[in-house]
Each structure stands twice: as structure tokens, then as C-alpha cells.
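Enquirer: Dropping the structure in here first, questions after.
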Amino acid sequence: MKSITIEGQLRTETGKKATRQLRSQGLVPGVIYGGTEEVSFSAPLLAFKPIVYTSAFQLAEIKVGGKTYKCILKDLQLDKVTDQLAHCDFLELVADKAVIATIPVKFTGTSQGVKDGGRLITKVKALKVKSLPQHLKENIEVDITNLELNGNIRVEDVNEPDYEILNSPRIPIASVVMTRQLKQEEAAAPAAGKAPAAKAPAAAAAKAPAAKK
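Okay, structure coming up:
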């Protein structure tokens, strides 16, 4: 699993004034919690970009105060005016302590429903899971090969024995729907198969010779 390294320095002062001073120097304040101690630190803005500005799930090794903390990103704050990163929260990973993480879903295979002319709709991009740190990985693979036309794959169909999936089990995460062209073809098929209509009785009567009085 991919990991990035952030090198920072301990923060001894907190509060709005100290935070503003850090940001004026191009530094971003952060905090590490979940372990034996809570660590307040700061690091250059560029050091956070690989883990903040991505949809990938990654680990962070934060080196600060002569120690290295293995973490996952839990929360971040952006400046309301500039939209620039203002603060980061990291959760330290402890070997025997379960954590909650949001892991992207990766769909594999080609759906049978797509082969039959349908269109794949992905409805959930990531799943919220509870797991021990050693089981964390970059993504959760979901095989859609057997997904048929008008079918769904739901959260309850995901097979991940090392994870407790916290999303509602009945939520669809992918489905295959009929395209407009396929609907038109299905509607046209019955009409094409109908037998020619019989002549109307009135028309037949009009062609018959008139009876003699």
C-alpha cells in the first residue's frame, strides 16, 4: 500500500495568533491522535498535497520530534476565503486497535449486462469500514462480471471478511440499466412480429354484389 512521508516540527504554541503566524510562513498546522499521546505539529503546505489532493487511500508516515508516526488522514479544513489547506487531523495506527476508514471501490471485470447493451452506473465510490490497521489496503475490489441487465450489486454483496462494512447493506453500489436505444429496440420487436390485420367486415360488404329486390 502506498505511503507518503511528511516531515514536520512540533508545535509548542496554539491559538489563532500562532496559527496565523504558521500560515504566513507557508506552514500548515496538524494534529496526530489515537495513540498514547496527542501530537501537535506543523509542516510545509507542499508536504500535505500528495495525501490531501487525491481520491486514493494512502498511509502517512509523519516524522516529527525525532519520532515517526504511521497514520491515516481523518479530517481536513480549508480556508473559507482562499480554499487553501488550513488544518489536518491524522489518526495514528496502533497494531491491535481497530480503526474506521473510507476506502475507494474498484470495479473489476466486464458486466454481462453491458455486453447485452446496457449501461453501467456506479453509485458508490467508497465504503466506510472498520478494520485492524494491518488489513487496510488501497481499494476494495468488486467483481461485476455477473452483473446482468437491470441488476444491482449492493453493499451486502461485497465479500471482505477482514472488514466490518458500516454502510447500509441494501444500498446499491453499481447497476446496469437499459439504454434508450435498447428500449426502442425492445419496443419495436413485438410490433414487427404482429400478423397483418384482417380486412374489416365493412370493407368486405362493400365489395359484395347487391341483392335483387
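Numbering (my numbering), first residue to last: 1 to 213.
Built from N, CA and C at the ideal position, the CB exists for glycine as well.
With DSSP as the reference, identify every bridge partner of residue 75, one or two as the case may be.
Expert: For residue 75, which the question treats as bridged, DSSP gives the partners 89.
Enquirer: Mark residue 180 as exposed unless 16 or more other C-beta atoms lie within 10 angstroms of its C-beta, in which case mark it buried.
Expert: Label assigned to residue 180: exposed.
Enquirer: With the cut-off set at 9 Å, would you say residue 140 and residue 127 are in Cβ contact?
Expert: Contact flag set, yes.
Enquirer: Would residue 31 pass as a contact of residue 45 if the rule is Cβ separation under 9 Å?
Expert: Not a contact, by the Cβ cut-off of 9 Å.
Enquirer: CB residue 87 to CB residue 73, shorter than 9 Å?
Expert: No, the Cβ-Cβ distance between residue 87 and residue 73 is not below 9 Å.
Enquirer: Can you tell me which of 151, 34, 61, 51 puts its alpha carbon nearest to the alpha carbon of residue 176?
Expert: Closest by alpha carbon: 151.
Enquirer: Report the three-state DSSP secondary structure of residue 52 (helix, strand or coil).
Expert: DSSP places residue 52 in helix when its eight states are reduced to three.
Enquirer: I'd like the list of long-range same chain contacts for residue 206, defined as Cβ closer than 6 Å, with 5 residues on each side in sequence excluded.
Expert: Because the pLDDT of residue 206 is 47, which lies under 50, any placement of that residue in the model is unreliable, and the number read from its coordinates should be weighed accordingly. Here the set comprises nothing.
Enquirer: Buried or exposed for residue 26, going by 16 or more other Cβ atoms inside 10 Å?
Expert: Per the 10 Å Cβ criterion, exposed.
Enquirer: Roughly how many angstroms lie between the CA atoms of residue 145 and residue 133, to the nearest whole one?
Expert: C-alpha separation (whole angstroms): 30 Å.
Enquirer: For residue 89, I'd like the list of residues in its chain whose CB is within less than 6 Å of its CB, leaving aside the five on either flank, ordered along the chain.
Expert: These residues qualify, in order along the chain: 31, 74, 75.
Enquirer: If you follow the beta strand (DSSP E) that residue 94 is part of, which residue opens it and which one closes it?
Expert: Premise fails: residue 94 is in no beta strand (DSSP E) and is neither H nor E.
Enquirer: Is residue 164 buried or exposed, if buried means 16 or more other CB atoms sit within 10 Å of its CB?
Expert: It is exposed - the Cβ of residue 164 has fewer than 16 other Cβ atoms within 10 Å.
Enquirer: With respect to the beta strand (DSSP E) encompassing residue 166, which residues constitute its N-terminal and C-terminal limits?
Expert: Segment: none, residue 166 is in no beta strand (DSSP E) and carries neither H nor E.
Enquirer: Would you say residue 56 and residue 71 are within 9 Å of each other, going by their C-beta atoms?
Expert: No, the Cβ-Cβ distance between residue 56 and residue 71 is not below 9 Å.
Enquirer: Measuring CB atoms only, is the segment 154–161 touching the segment 90–101, in the sense that at least three cross pairs come out at less than 8 Å?
Expert: Too few Cβ pairs lie closer than 8 Å, so no.
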